[in-house]
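So in numbering that gives the first Met the number 0 the end of the sequence shown lands on 386, straight run, no missing numbers.
Quick reminder that beta carbons are idealized off the backbone N, C-alpha and C, glycines included.
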Amino acid sequence: MNLHEFQAKRLFAEYGLSVPRGLPAFSAAEARDAAVALGGERWVVKAQVHAGGRGKAGGVKLVDSAEAAGEAAKHMLGSRLVTHQTGPQGLPVGAVLVEEVRPIQRELYLSCLVDRASERVLFMASADGGMDIEEVAAKTPDRILTCKVDPAAGLQAYQCREIAFAMGLEGPQINALVSIMQAMYRLFMDKDASQVEINPLIVTEDGALLALDAKVNLDDNALFAHPDLVGLRDASQEDAKEHAANQHGLNYITLGGNIGCMVNGAGLAMATMDLVKLHGGQPANFLDVGGGATQEKVAEAFKLILSDASVKAILVNIFGGIVRCNLIAEGIIAAVREVQVGVPVVVRLEGTNAPEGRQLLAESGLAIIAAEDLDEAAQKAVDAAGA
Ligand code: ADP
Ligand code: MG
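What follows is the structure, given as structure tokens:
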């Protein structure tokens, strides 16, 4: 789950990280009032979407009157902001952040994430902040600094100082960076984050360090431990199908192809997608209906798959280990009737009571294409989608 910048900055402030003074606004009038309440003469109005690259896409506007802040908010609210991170449909803007303008001397990059290879929390830093960090990493990898945290010892001050030296910080800025990195690490660990990113971390004109942008991603699997954070979810920023799947306990990820896949077990789902690709097809989704696939779940899964207009065939691949295939077959038959599936459905059942399951499908009178094994099922689904 991702947080909005204004939510992340609130968390930052709780952890003692310096952020510009700002207020979220959900209407033009609120944005104008926010500018008045903050005081000063210049503000930035920032579209709140779960994506970066807003600056270059018109999602960060500099204004010099409270009226102009309202105008900028009016423009942004209700629109969809397209940045290089959102895809062509963009993301809806439901809130803006009105913030004081802070003059910038330097823009740095600092983030904290899980490095799977070393199984450690990793800090990434760069003196080249503000711009696209992926580009910096690709073109000038030596400009990216990293340090790994020993989970038993925790983040050490000397590690932070090394980063500070390498970024060219001086005097009190060095200890300021130590405090910032330690606060980020505490936040990261306390909240079970998967990423905390500050881009840019700025050096202000008077030499102080300040988080001008804030990104926090939380680990969904640990959300149960953070009831206070669950309410920060903004479903409007998430894929509608993935959100609906979540509600039904289904593990669903939208992909770009035209073959809808319904599989029990994540490993089998991966293998199914591999075989679809091997036979020249493109999966429309990853979907794991789980071990205890019930008729209701199968029906919900069909609805989800069919809500994607690009789906031209459905491949159902069920291994009856815990569940019995005859029950799954009944579920599929009921679901196909209920949901009125209009595209070819290829079904491969294997495992407990597989023959009974296949027989039920054969006798159902529905246009279900049976397959004996996974390879054949993938081939038939690719053929059906292409026809
Ligand atoms: P994004 O990463 O989505 O482009 P940022 O929050 O990083 O959005 O803002 C983009 C740029 O806008 C920053 O690099 C900075 O130059 C400028 N900016 C953002 N907030 C402020 C602010 N409060 N004061 C001054 N400049 C700002
Ligand atoms: Mg940024």
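Q: Please list the segments of the beta strand (DSSP E) lying wholly inside the segment 112-158, counting only runs of 3 or more residues, in order along the chain.
A: List check, beta strand (DSSP E) in window: 119-125 and 143-148.
(Q) Can you tell me whether N198 is helix, strand or coil according to DSSP? (A) If DSSP states are grouped into helix, strand and coil, N198 belongs with the strands.
Q: Kindly examine the ligand ADP and report whether one of its heavy atoms sits closer than 7 Å to the Cβ of D127.
A: False, no ligand heavy atom lies under 7 Å from that Cβ.
Q: Classify S17 as buried or exposed, calling it buried when 16 or more other Cβ atoms lie within 10 Å of its own Cβ.
A: So S17 ends up on the buried side.
Q: Look up D287 in the DSSP assignment and give the residues it is bridged to.
A: Residue pairing by DSSP places D287 opposite N250 and V262 in a beta bridge.
Q: Using only the heavy atoms of the ligand MG, determine whether one of them is closer than 7 Å to the beta carbon of G51.
A: Yes, the Cβ of G51 comes within 7 Å of a heavy atom of the ligand MG.
Q. Do you know offhand how far E169's Cα is from A163's?
A. Rounded to whole angstroms, E169 to A163 spans 8 Å at the Cα level.
Q. So does the segment 165-181 actually touch the segment 56-72, counting three or more Cβ pairs closer than 8 Å?
A. Verdict: no, contact absent.
Q. Given a threshold of 16 other Cβ atoms within 10 Å of its Cβ, counted over all protein chains shown, does N284 qualify as buried or as exposed?
A. The residue in question, N284, is buried, as its Cβ has 16 or more Cβ neighbours within 10 Å.
Q. Would the C-beta of N198 count as close to the ligand ADP, meaning under 7 Å from any of its heavy atoms?
A. Under cutoff, so the answer is yes.
Q.
Given this structure, state the Cα-to-Cα distance separating S110 from I197, to the nearest angstrom.
A. Between the alpha carbons of S110 and I197 lies a gap of roughly 6 Å.
Q | Helix, strand or coil at L398 [DSSP, three-state] | A | This structure cannot settle anything about residue 398, because the visible part of the chain is limited to 0 through 386.
**Q.** Buried/exposed call for A46, threshold 16 Cβ in 10 Å
**A.** It counts as buried.
Q: Return helix, strand or coil for N316, following the three-state DSSP convention.
A: Here N316 sits in strand by DSSP.
**Q.** L277 classed as buried or exposed, judged by whether at least 16 other C-beta atoms fall within 10 angstroms
**A.** With fewer than 16 other Cβ atoms within 10 Å, it is exposed.
**Q.** Status (buried if at least 16 other CB within 10 Å, exposed otherwise) for K138
**A.** Around the Cβ of K138, a 10 Å sphere holds fewer than 16 other Cβ atoms; the residue is exposed.
Q) For L109, which residues does DSSP report across the bridge? A) Answer is A124 and I197.
Q.
Per DSSP, what are the beta-bridge partners of T271 in this structure?
A. In the DSSP assignment, T271 is bridged to no other residue.
(Q) Less than 8 Å between the C-beta atoms of V345 and F301, yes or no? (A) Their beta carbons are not under 8 Å apart, which means V345 does not touch F301 by this criterion.
Q. CB-CB under 6 Å to A213, same chain, minus the five flanking residues each way: which ones, in chain order?
A. The beta carbon of A213 lies closer than 6 Å to those of E4, A7, K8 and F11 in the same chain, with the five residues before and after it left out.
Q. Any chance the CB of K60 is under 7 Å from a heavy atom of the ligand SAM?
A. In the structure on display, the ligand SAM does not appear, and the ligands it does have are the ligand ADP and the ligand MG.
Q. Using a Cβ-Cβ cut-off of 7 Å (strictly less than) and excluding sequence neighbours within five positions of A72, which residues of its own chain qualify?
A. Within the same chain, A72 has close Cβ partners A24, A27, A30, V44 and V95.
**Q.** Three-state class that DSSP yields for L16 in the structure shown
**A.** It is coil, neither helix nor strand.
Q.
Please classify I304 as buried or exposed, where buried requires at least 16 other C-beta atoms within 10 Å of its C-beta.
A. Counting Cβ neighbours within 10 Å, I304 comes out buried, since at least 16 surround it.
(Q) Could you compute how far the alpha carbon of G320 sits from the alpha carbon of H49? (A) Spanning the two alpha carbons is a distance of roughly 39 Å.
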